[in-house]
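Each remark here refers to the structure printed beneath this line.
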Amino acid sequence: MKLRDTWQELRELGLFGSAYRVAWELRRRSGYFAWRDRSGGEQARALPERAAALQRGVARIGLGDPAAASEVVRSLGSEPARLGLQRYAEEAAHGRILCFGRWLGDYGDPVDWQRDPTTGRRWPADLHWSRALAAPTAVGDIKLVWEVGRFPQAYLLARAALQYEPGHPLRAQLVAALARQITDFIAANPPAQGAHWASGQELVFRLMAWSFALHALPELRRGLDAVALSSALRAHVQHVARYLEYARYAVSNNHLLSEACGLLLGASLLADDPEAASWWQRGSALLDEQAERQFYPDGGYLQQSHNYQRVALQVLLWACALAEGAGRRPAASWLRALARSVDFLCAQQQSSDGRLPNFGANDGALPSPLSLCDYSDFRPTLQAAQLRARGERLYPAGPWDEEAVWLVGATRLADAPLRPPARRSRSFAIAGQHVLRDAAGEALCVLRCGTLRDRFAQIDMLHLDLWWRGHNVLVDGGSYLYNGPVQWHRHFVGSASHNTVVVDGRDQMVHHRRFKLLYPAKARLLRWRDHGSYALMAGEHEGYTRYAGACVHRRCVLWLKGQGWIVVDELRGTGEHELRLHWLAGPFPWRAEQAAGAVALETPAGELELRVLDGAGAARTIAVTAGQADPPLGWLSRYYGEKTPTPAIVARCRGTLPQTFVTLIGPRVAAPQVDAAQRWCVRLDQAAPPLTFGLREGLIEAVGLGAG
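First residue of the sequence shown? That's 832 in the working numbering, and the numbers climb one at a time after it.
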């Protein structure tokens, strides 16, 4: 760790941020937090009369009608999806939990709340939360233990139980299993002890899950000790209130939104508590402030992550429901954030399956899994957000409606007019996302180009995501694990795993520590225009200018509608450098002519070819690798904790700048013709007319169609 980089970190944090981090660490390491929690422990006890008031509190949380939501599952869910809900619920009843919406983790029966399901090793249960994650017995990625503590199984068990009438034996079994797990968790994780108390956001997501289950299943309360449950709920809210300062001053992202919403939830559940009014006031003020700060005017989100933006939307949807349940109107700032986000995310959504590019950090978070849809399908949350913000449907009736029923209401959904999203090319200058697409989403291209304004987690400037005939053919590799082996974390975060150019083997920004990146790259959009039969965008970044040679990477993308794409990468600067162009393809069979710089991807929609050339039209030699472990290369992680081999296409060169890569992408790409004046003639589909263009300083110009 270089002294210069440490100084840069302090500069980026600022005087207050640096001082706060130092003070927090001093308090944590000195044992101050442990003393503070011991001295405040008496306050977490609930009196019997407050426990009796919990039933009234559950009625105030503003969630939708369980019967109406259950009807969505029965009438609009496919039979395989309904059977999957029942199967996953039955597995959850025996401690095999659906993790991150994708894979089953075996936590044991009864559940061992400290167990890593992938290794079997345990986190310490007897340490104060301030020391639990730093313990010498740390066993790996804490998110694999936090996942069961978020209680995603509560949503599965409750929604599966609702498919049976009250009194049905199978319903009773599922309810009893959930009651047993909640009771076990409370007993095994006393306030402030162990890893499950180390993050305020984790406490809030657990509160949401328990509150949902208590609302959906009235009989669940009969299987729980009311005083113990009420005490646990109050301890959760108190802990969030006590340590929310860290989320505000050290993190200030979706964690802060979540914890502010947790105060609203606590105030609703425990409305008779003397602190309820102050919880509500503090939480609503923070949400109002952060809805304006965290969501950009063009709809982007400060964390530069589609999944974290979805987390933030679900939190705001909960806040709106809680406000209505308390007889209040949701704040206008919350609704604006929802509406802007819908427009931003829909512009990048693939219409057939609801997916978006796997952009930014993706830790598998979905606080409230409330549909039969796949984890990667954004339609449930976007339908609910549009319904809440504008009173409209984005999509016709389908299994994605369930979340809207729970978080907004069945009556509103039934009365809402259908106004499908306007799917068109758009440039989001503040967020730094630039989209070329057709209305159906068959062709979709997203360029990452914009100066970073806030905290970020992927080193991915000028990354290009590409969809062809509805298939994600050039992909973002994802995140895999946050706290796994360092080589895997660095791979998925770094520039080398993204669809961009790496100079001299360095990342565009410095990966200083596991969760700290330095020297945010400055970037600017140079062109973005739709010309009718084709569209073009271009941008450049200066991430490498701090090194010798002051390299600037410029990328220009031309989309020839109905045919394919041309991507030009030019590196300008001084001196000799090693350059590496990387394309991560989707998980399709492939064949390559490496010396010819050509790869064919065999997608379900047909064959798509890529050719990599130099600035004079000569082939650049490529290497294609899938599933290499050391060093990692050719991996895709669409779901947290899971990685699959996929072809990585790499072209390298070493030479004096400027240097140019030209990538032709289409169903049947012919070898181009290039004259002495740098006038190109290409066919991306040999059955279609040719395209001509000129190249000047890495930019495509003077485009002509139909003339050789």
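Every residue, glycine too, gets a C-beta built ideally from N, C-alpha and C.
Nothing here was measured: the structure is a model prediction, and the numbers come from that model.
**OP:** Would you kindly work out how many angstroms separate the C-alpha atoms of Ser1099 and Ala1157, rounded to a whole number?
**Re:** For the purposes of this step, residue 1099 is taken as residue 268 along the sequence shown, with counting starting at 1. For the purposes of this step, residue 1157 is taken as residue 326 along the sequence shown, with counting starting at 1. C-alpha separation (whole angstroms): 7 Å.
**OP:** Sort out for me which residues DSSP pairs Met1368 with in a bridge.
**Re:** Position 537 of the sequence shown holds residue 1368. DSSP output for Met1368 lists Trp1359, Val1388 as bridge partner(s).
**OP:** Can you tell me the Cβ-Cβ gap for Gly1404 and Val1383, rounded? I've got them flagged as a contact below 8 Å.
**Re:** Translated into positions along the sequence shown, residue 1404 becomes position 573. Translated into positions along the sequence shown, residue 1383 becomes position 552. Taking C-beta atoms under 8 Å as the contact rule, Gly1404 and Val1383 qualify, at a distance of about 6 Å.
**OP:** Could you name the residues that DSSP lists as bridge partners for Arg953?
**Re:** Locating residue 953 in the sequence shown gives position 122, counting from the first residue. Paired residues: Arg946.
Subject >> Whole-angstrom C-beta distance between Leu1444 and Ala1450, which should lie under 8 Å >> reply: Position 619 of the sequence shown, counting from 1, holds the residue named residue 1450. Position 613 of the sequence shown, counting from 1, holds the residue named residue 1444. 6 Å between Cβ atoms; contact.
Subject >> Residue environment, Arg1385, which counts as buried when at least 16 other CB atoms sit within 10 Å >> reply: Looking up residue 1385 in the sequence shown gives position 554. Residue environment: Arg1385 is assigned as buried (16 or more neighbouring CB atoms within 10 Å of its CB, all protein chains considered).
Subject >> Rounded C-alpha distance that separates Phe1175 from Tyr1139 >> reply: Residue mapping note: residue 1175 aligns to position 344 of the sequence shown, counting from 1. Residue mapping note: residue 1139 aligns to position 308 of the sequence shown, counting from 1. For Phe1175 and Tyr1139, the distance between alpha carbons rounds to 14 Å.
Subject >> Cα-Cα separation between Trp1390 and Val1493, rounded to whole angstroms >> reply: Residue 1390 sits at position 559 when you count from the first residue of the sequence shown. Residue 1493 sits at position 662 when you count from the first residue of the sequence shown. Those two C-alpha atoms are separated by around 14 Å.
**OP:** Spell out a yes or no on whether the region 1179-1195 and the region 1282-1302 are touching, meaning 3 or more CB-CB pairs, one atom from each, closer than 8 Å.
**Re:** Result yes; three or more Cβ-Cβ pairs closer than 8 Å.
Original post:
Would you report the Cα separation of Pro1064 and Gly1097, rounded to the nearest angstrom?
Top reply: To locate residue 1064, count along the sequence shown from 1; it is residue 233. To locate residue 1097, count along the sequence shown from 1; it is residue 266. According to the sequence provided, residue 1064 is Leu. The question's Pro does not apply to it. Straight-line Cα distance between these residues: approximately 8 Å.
Original post:
By DSSP, does Gly1054 sit in helix, in strand, or in coil?
Top reply: Within the sequence shown, numbered from 1, the residue matching residue 1054 stands at position 223. In the three-state DSSP reduction, Gly1054 falls in the helix class (H, G or I).
Original post:
Per DSSP, what kind of secondary structure is His1343 in: helix, strand or coil?
Top reply: Here residue 1343 is taken as the residue at index 512 of the sequence shown, counted from 1. His1343 falls in the strand class under three-state DSSP.
**OP:** Could you tell me whether the Cβ atoms of Ser1172 and Phe1323 are closer together than 9 Å?
**Re:** Position 341 of the sequence shown holds residue 1172. Position 492 of the sequence shown holds residue 1323. No.
Subject >> Cβ-based burial, Ser961 [other Cβ within 10 Å; buried from 16] >> reply: For the purposes of this step, residue 961 is identified with residue 130 of the sequence shown, where counting begins at 1. Of the residues assessed, Ser961 falls on the buried side of the cut-off, its CB having 16 or more other CB atoms within 10 angstroms.
Subject >> Pick from Tyr1471, Ile1453, Pro1476, Thr1452 that is closest to Pro1463, judged by C-alpha positions >> reply: In the sequence shown, counting from the first residue as 1, residue 1463 sits at position 632. Of all alpha-carbon atoms in Tyr1471, Ile1453, Pro1476, Thr1452, the one lying nearest the alpha-carbon of Pro1463 is that of Pro1476.
**OP:** Alpha carbon to alpha carbon, how far is Gly939 from Gln874? Give it in angstroms, no decimals.
**Re:** Here residue 874 refers to the residue found at position 43 when the sequence shown is read from its first residue. Here residue 939 refers to the residue found at position 108 when the sequence shown is read from its first residue. Low confidence applies to Gln874: its pLDDT is 49, below 50, so where it sits in the model is not reliable, and the reading given next is rough at best. Gln874 and Gly939: Cα-Cα distance of roughly 33 Å.
Original post:
Is it buried or exposed for His1362, if we count other Cβ within 10 angstroms and need 16 for buried?
Top reply: Mapped onto the sequence shown, residue 1362 falls at position 531. His1362 should be labelled exposed.
Original post:
What first and last residue would you give for the alpha helix (DSSP H) that runs through Asp1109?
Top reply: One-based indexing of the sequence shown puts residue 1109 at position 278. The amino acid at residue 1109 is misidentified as Asp; the sequence shows Ser. Per DSSP, Ser1109 belongs to the alpha helix (DSSP H) from 1107-1125.
Subject >> Residue closest to Arg1422, alpha-carbon to alpha-carbon, out of Val1388, Ile1480, Leu1410, Asp1400 >> reply: Position 591 of the sequence shown holds residue 1422. Here the closest residue by C-alpha is Ile1480.
Subject >> Pair within 9 Å by beta-carbon distance, Ala963 and Gly908 >> reply: Here residue 963 is taken as the residue at index 132 of the sequence shown, counted from 1. Here residue 908 is taken as the residue at index 77 of the sequence shown, counted from 1. At a Cβ-Cβ threshold of 9 Å, Ala963 and Gly908 do not count as neighbours.
Original post:
Grouping DSSP H, G and I as helix and E and B as strand, with all else coil, what is Leu846?
Top reply: The residue you call residue 846 lines up with position 15 of the sequence shown. Correct three-state label for Leu846: helix.
Original post:
By Cβ distance, which residues of its chain are closer than 7 Å to Leu834, with the 5 residues on each side in sequence left out?
Top reply: Counting from 1 along the sequence shown, the entry for residue 834 is found at position 3. Closer than 7 Å at the Cβ level, and outside the excluded window around Leu834, lies no residue.
**OP:** Counting only the same chain and skipping the five closest in sequence on each side, list residues whose C-beta sits under 6 Å from that of Leu1283.
**Re:** What you label residue 1283 is simply residue 452 of the sequence shown in a count that begins at 1. Cβ neighbours of Leu1283 beyond the five flanking positions: Pro1351.
**OP:** Taking only the alpha-carbon atoms, compute the straight-line gap between Arg1221 and Ala1170 and give it to the nearest angstrom.
**Re:** Within the sequence shown, residue 1221 is the residue found at index 390, counting from 1. Within the sequence shown, residue 1170 is the residue found at index 339, counting from 1. Taking the straight line from one Cα to the other gives about 7 Å.
Subject >> Simplified DSSP assignment, three categories, for Thr1477 >> reply: As a working note, residue 1477 is residue 646 in the sequence shown. In the structure shown, the three-state DSSP call for Thr1477 is coil.
Original post:
Considering only C-alpha positions, which residue in the set Leu1536, Pro1161, Thr949 is nearest to Val976?
Top reply: To locate residue 976, count along the sequence shown from 1; it is residue 145. Measuring from the Cα of Val976, the nearest candidate turns out to be Thr949.
**OP:** Count the other CB atoms, across all protein chains shown, that sit within 10 Å of the CB of Thr1434; report buried if there are 16 or more and exposed otherwise.
**Re:** Start at 1 with the first residue of the sequence shown, and residue 1434 comes out as number 603. Buried, since its Cβ has 16 or more Cβ neighbours within 10 Å.
Subject >> Proximity to Gly980 [Cα-Cα], best of Leu1267, Thr1014, Gly1417 >> reply: Translated into the one-based positions of the sequence shown, residue 980 becomes position 149. When only C-alpha atoms are compared, the closest one is Thr1014.
**OP:** Examine the Cβ distances between the region 1077-1096 and the region 1124-1143 and report whether three or more of them are shorter than 8 Å.
**Re:** The answer is yes - the region 1124-1143 touches the region 1077-1096, with three or more Cβ pairs under 8 Å.
**OP:** Let me know the secondary structure DSSP gives Ala875 once reduced to three states.
**Re:** Within the sequence shown, the letter at position 44 stands for residue 875. Model confidence at Ala875 stands at a pLDDT of 47, short of 50, so the residue's coordinates are unreliable and nothing is read from them.
Subject >> Limits of the unbroken alpha helix (DSSP H) element including Arg1171 >> reply: Indexing the sequence shown from 1 puts residue 1171 at position 340. DSSP places Arg1171 in the uninterrupted alpha helix (DSSP H) bounded by 1163-1177.
Original post:
Ordered along the chain, which non-local residues of its own chain (more than five positions away) have a Cβ less than 7 Å from that of Val970?
Top reply: For the purposes of this step, residue 970 is taken as residue 139 along the sequence shown, with counting starting at 1. Cβ within range, chain order: Asp947, Thr950, Arg952, Arg953, Trp954.
Original post:
Does the separation of the CB atoms of Pro1022 and Asp1205 fall below 9 Å?
Top reply: Counting from 1 along the sequence shown, the entry for residue 1022 is found at position 191. Counting from 1 along the sequence shown, the entry for residue 1205 is found at position 374. Taking C-beta atoms as the reference points, Pro1022 and Asp1205 fail to come closer than 9 Å.
Subject >> Host alpha helix (DSSP H) of Arg1527 (start-end) >> reply: For the purposes of this step, residue 1527 is identified with residue 696 of the sequence shown, where counting begins at 1. Where Arg1527 is concerned, there is no enclosing alpha helix (DSSP H), although the beta strand (DSSP E) it sits in stretches over 1522-1527.
Subject >> Rounded Cβ spacing between Ala1007 and Ala920 (contact assumed at less than 8 Å) >> reply: The residue you call residue 1007 lines up with position 176 of the sequence shown. The residue you call residue 920 lines up with position 89 of the sequence shown. Their Cβ separation, rounded to whole angstroms, is 12 Å, which puts Ala1007 and Ala920 out of contact at 8 Å.
Original post:
Which residue comes first and which comes last in the beta strand (DSSP E) that contains Ile1453?
Top reply: For this step, residue 1453 is matched to residue 622 along the sequence shown. Looking at the DSSP string, the run of the beta strand (DSSP E) that includes Ile1453 is 1453-1456.
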